[in-house]
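First residue of the first sequence? That's 1 in full-length UniProt numbering, and the numbers climb one at a time after it.
Heads up, the beta-carbon is just placed ideally off N, CA and C, and yes, glycines get one too.
Predicted model, so just to flag it, every value in this text is computed and none were measured.
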Amino acid sequence: MDERLLGPPPPGGGRGSLGLVGGEPGGPGEPPGGKQDIGDILQQIMTITDQSLDEAQAKKHALNCHRMKPALFSVLCEIKEKTGLSIRSSQEEEPVDPQLMRLDNMLLAEGVAGPEKGGGSAAAAAAAAASGGGVSPDNSIEHSDYRSKLAQIRHIYHSELEKYEQACNEFTTHVMNLLREQSRTRPVAPKEMERMVSIIHRKFSAIQMQLKQSTCEAVMILRSRFLDARRKRRNFSKQATEVLNEYFYSHLSNPYPSEEAKEELAKKCGITVSQVSNWFGNKRIRYKKNIGKFQEEANIYAVKTAVSVAQGGHSRTSSPTPPSSAGSGGSFNLSGSGDMFLGMPGLNGDSYSTSQVESLRHSMGPGSYGDSLGGGQMYSPREMRANGGWQEAVTPSSVTSPTEGPGSVHSDTSN
DNA sequence: AAAAATGATTGCTG
DNA sequence: CAGCAATCATTTTT
């Protein structure tokens, strides 16, 4: 198949084979020249046909038997000797393409390039969730088809990579064979062979890079499709919202959990800290926007805390949910407690709970209980100014919610 | 199917 | 950089 290359250099088209030995007087073997060589070879291989094969075979044989052959060989050697120095100059060691490094790193991080089992970030997240406590059984399910898609990508990636690898090796062996064959006709130093191999490898690694690139893209798309929480958002579990609401309403006067508190809440709810932050952000603003709508909820949670406190039981895991009044804050809170009785209709609004709450409220007395007095609650610096600061002007009397049927708010709770 | 609820994002502010 | 406000994109409820 390759014999054609071995024939006597054709007047015009033989540049390729000559280039291989670096014997071209005018063209020292600089890198671009090398690339040209391989291109030519490829082209020539492509154009070989069966009939030219026979022809080449014959020519080769003729050449090998030619009486002048030894002479030709020695001449070539001589030429090569003279020009051999120039070939050495082309020695740059490929500065480890940073782009490729980046791609590699990413693929590795994404678990595409790594060990077969590694689930990458997904596995890490799942592990984290698992260790956090069994509060969120649903998020591993959420990742499962993400993971399967990722595995699919990884599979394709690996098989493609292998294909390329194989093709590269195959091609390299071909070229090596070819060079070996040629070495009978003309001098070929092992150095040159190496050079050819490295050139080939470079070519193929360029292709590989493309592969990696597109794999990266696919992963990114997948990621944004599945991991973008906004797309496939799931409501928090019932318990989670419960925990969060509990905290919110028991710190109603200052619903700004410190970093530590957020972390704890996050752990308890099986969500991330930033999710806790989001939740509180949303909650604050939505609460403020329409207090009436939340009144009921507020009461429920107030009762909850109150009851749990009254029973003396620490149903909460440990210290950090101190007894606190839902009504310790600004004026609206007072009215809130007044509204409590009106607002209880739907759920356990029987007199039983209300009386409990009332007694509790009385027992707590006015004012003196800041939130988080009891426990080791940390105040974040900005929390200090918040007490009067957040949702300042929201006096319920003015905010009679449009959706709220009963005239509700009479802030003269003194009855 | 429409409306409400809800978690996340974005731009802006201090 | 945390928080607010508006908004988006879903999910849940009606």
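Report yes if the CB atom of residue i is closer than 8 angstroms to the CB atom of residue j, and no otherwise.
| i | j | result |
| --- | --- | --- |
| THR173 | ILE200 | no |
| ASP97 | LYS212 | no |
| VAL243 | CYS269 | yes |
| ARG186 | PHE73 | yes |
| LEU265 | TYR247 | yes |
| LEU100 | MET220 | no |
| THR215 | LEU107 | yes |
| ALA218 | TYR249 | no |
| TYR301 | ASN245 | yes |
| PRO255 | ARG284 | yes |
Tell me whether residue i sits in a helix, a strand or coil according to DSSP, three-state version.
| i | result |
| --- | --- |
| GLY119 | Note that GLY119 scores a pLDDT of 44, beneath 50, so its modelled location is shaky; the value from the coordinates is reported in the next line. Coil. |
| GLU30 | Residue placement at GLU30 is poorly supported in this model, since its pLDDT is 41, which falls under 50; the coordinates still yield a value, given next. DSSP places GLU30 in coil when its eight states are reduced to three. |
| HIS66 | coil |
| HIS251 | coil |
| residue 420 | Residue 420 falls outside the range modelled here, since the chain spans only 1 to 415, and no answer is possible. |
| TYR301 | helix |
| ASP2 | Low confidence applies here, because ASP2 scores a pLDDT of 43, under 50, leaving its location unreliable; read the following figure in that light. In this structure, ASP2 counts as coil in the three-state DSSP scheme. |
| GLY292 | helix |
| ALA127 | Because ALA127 carries a pLDDT of 44, less than 50, the predicted location of this residue cannot be relied on, and the following value inherits that uncertainty. Helix. |
| THR83 | helix |
| residue 443 | Any question about residue 443 goes unanswered here, given that the chain covers just 1 to 415. |
| VAL273 | helix |
| PHE236 | coil |
| PRO190 | helix |
| ASP54 | helix |
| GLY147 | The residue asked about is misnamed: residue 147 is Arg in this sequence, not Gly. Here ARG147 sits in helix by DSSP. |
| PRO257 | coil |
| VAL96 | coil |
| SER74 | helix |
| ARG184 | coil |
Comparing alpha-carbon positions, which option in the options lies nearest residue i?
| i | options | result |
| --- | --- | --- |
| GLU78 | LYS232, GLN239 and VAL188 | VAL188 |
| LEU161 | ALA302, ILE207, GLU55 and PHE73 | ILE207 |
| SER183 | MET106, LEU76 and LYS293 | LEU76 |
| GLU259 | SER250, LEU252 and VAL273 | VAL273 |
| ALA109 | LYS82, ARG202, GLN295 and LEU150 | LEU150 |
| PRO115 | CYS168, HIS158, GLU192 and GLN295 | HIS158 |
| LYS232 | LYS238, LEU222 and GLN239 | LEU222 |
| ASN278 | PRO95, LYS289, ILE291 and LYS262 | LYS262 |
Are there any heavy atoms of the ligand GTP lying less than 7 angstroms away from the beta-carbon of residue i, as far as the coordinates show?
| i | result |
| --- | --- |
| GLN57 | The ligand GTP is not part of this structure, which contains no ligands at all. |
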